[in-house]
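Chemist: The structure is given below, and queries will be raised subsequently.
Numbering (my numbering), first residue to last: 22 to 569.
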């Protein structure tokens, strides 16, 4: 939105005064207010009037004009702020001697956030209850003073104040300030009130098929934090490799891999950026790397043929090994979630699983009764693994094709459904899960799957398509579910899968997901259709792009 130069007319000034009194919804793409005060437009002078003006100047100095400012517009950020109250004033930008300050009573909670912002804006840092002109003050508001992760950012009187009911909210306020300064040189006068539409927002990364370095993961965490994303899923075991050091089963670990010190380093940075790392130890399928060291656990059909990546879930030793790994890794990941996988168990894609795997059919009936089938044994496997992670305070997750219907065993109601496909066996339409009251996270493979090498008719997702067509309600294909189920959809993640690991370098992956991740961040932060056109959004994303 362009602001016309020159002095406003009286009628325009009256209109904008009314607008200034209203809380406006932010319209991303409007430019921030200028840092320079605007004086009244100079009156044109004629030749005869000029001498009189010079004569009066010799007798008394003219009064200094009172600075006037255009009504501010919302800061330009990704995701866009949800609400901005405009005001008139010079705004704020870092100046010599200015500090980021935290009251002593909040220092334990907010010092890290304050020091990070101070470093990014090249300012000083202090713990004090007395902010000065030019300072940025961070403070916790009263408990439950707003929804989780919300914040209020006020630019007034030459200072900035950021408050929130929790540390994450204050942190997101600092991300808004950082982006506002980078996009326009200053933060506009007025007040931002902001909060996310969805509680789970992030990136899923397949480090099993492709080794990603610690440094690359850390840089991606920093980019995610600026976009107010709060989850990094780590899929660390698959048929190709097992990528985290194990003390209980070192024989399964691939080279290269992350050491436990590496994992602690990643978790520490993530925690400081208010990002939760969600580990995924996928089972009972996708365990090829484990099976190379433990061939006795390999699932075989009635003709003795090995089933790729699948453990024999009728063998108690399979559960024993997986549970030993789960218990080993639970303390390594302090976050609140654990992904159990449960997808693509290949025994269930056979035309007649009962006949093809008589050992599984017998085990199902012995455990769950004469009417039980192999899908019940698989569902029981998922529930048993959930029982392992819950005592450690983890909320269990599983892929949607690990949930079956029509059997005698149902997946526990608290297991979150990570919905990715409608193509796999057992993949029911999203509405079936929602009608059961289940909570879902959106990883729609039509929009949110970045599959290296683009096999199996996958194509790389684009930011434009996500921005213009996808919403969290679009769980499968391109059709949204009814809005009445919105509260059951907890959020979304963009997923990087490395099926053809050599198809792209780490740098190419980072660039390839940059705009899709920015578009996703916008759509999970604000449920409303975004205001700027894609071209304008992309231009802002390019401007905010970190160096390197």
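The C-beta atom is built at its ideal place from N, Cα and C for all residues, glycine as well.
Remember, it's a predicted structure, so these values are computed and weren't measured experimentally.
Measuring straight from C-alpha to C-alpha, what distance separates residue 169 and residue 228?
Modeler: Rounded to the nearest angstrom, the two C-alpha atoms are 30 Å apart.
Chemist: Could you give the DSSP three-state label for residue 356: helix, strand or coil?
Modeler: Here residue 356 sits in coil by DSSP.
Chemist: Going by the beta-carbon positions, is the gap between residue 418 and residue 361 smaller than 9 Å?
Modeler: Pairing residue 418 with residue 361 gives a Cβ-Cβ distance under 9 Å.
Chemist: Is residue 124 near residue 160, with beta carbons less than 9 Å apart?
Modeler: With contacts defined by Cβ atoms closer than 9 Å, residue 124 and residue 160 form a contacting pair.
Chemist: Within the stretch 213 to 275, note down every full beta strand (DSSP E) run reaching 3 residues or more, in order along the chain.
Modeler: 221 to 227 and 252 to 256
Chemist: Select from 177, 213 and 206 the residue whose C-alpha is nearest the C-alpha of residue 190.
Modeler: 213
Chemist: Pick from 307, 237, 531 and 247: whose alpha carbon is nearest that of residue 286?
Modeler: Residue 237 holds the alpha-carbon nearest to the alpha-carbon of residue 286 among 307, 237, 531 and 247.
Chemist: According to DSSP, residue 319 sits in a beta bridge with which residue or residues?
Modeler: Paired residue(s): 332.
Chemist: Looking at the secondary structure, which residues open and close the alpha helix (DSSP H) in which residue 293 lies?
Modeler: Unbroken alpha helix (DSSP H) run through residue 293: 281 to 293.
Chemist: Measuring CB to CB, does residue 174 end up less than 9 Å from residue 198?
Modeler: yes
Chemist: Kindly indicate which three-state DSSP category residue 416 falls into: helix, strand or coil?
Modeler: strand
Chemist: The alpha helix (DSSP H) spanning residue 177 covers which residue range?
Modeler: It is not in any alpha helix (DSSP H) - residue 177 instead sits in the beta strand (DSSP E) that spans 172 to 177.
Chemist: Looking only at its own chain, which residues have a Cβ that is under 6 Å from the Cβ of residue 192, when we skip the five neighbours before and after it?
Modeler: 134 and 295
Chemist: Does DSSP classify residue 558 as helix, strand or coil?
Modeler: helix
Chemist: Return the CA-CA distance between residue 499 and residue 467, expressed in angstroms with no decimal places.
Modeler: Cα to Cα, residue 499 sits roughly 7 Å from residue 467.
Chemist: Check whether the Cβ atoms of residue 465 and residue 440 sit closer than 9 Å, and answer yes or no.
Modeler: yes
Chemist: By Cβ distance, which residues of its chain are closer than 7 Å to residue 562, with the 5 residues on each side in sequence left out?
Modeler: 99, 536 and 539
Chemist: Decide if the stretch 199 to 213 is in contact with the stretch 520 to 536; the criterion is three or more beta carbon pairs, one per stretch, under 8 Å apart.
Modeler: Segments in contact, no.
Chemist: Mind checking whether residue 347 and residue 438 have CB atoms under 9 Å apart?
Modeler: no
Chemist: How big is the Cα-Cα spacing for residue 182 and residue 469?
Modeler: 36 Å
Chemist: So, is residue 42 buried or exposed, given that buried needs 16 or more other C-beta atoms within 10 angstroms?
Modeler: In this prediction, residue 42 has a pLDDT of 38, which is less than 50 and means its spatial position is unreliable; what the coordinates show is noted afterwards. With fewer than 16 other Cβ atoms within 10 Å, it is exposed.
Chemist: Should the stretch 333 to 340 be regarded as contacting the stretch 380 to 392, the criterion being three or more beta carbon pairs within less than 8 Å?
Modeler: yes
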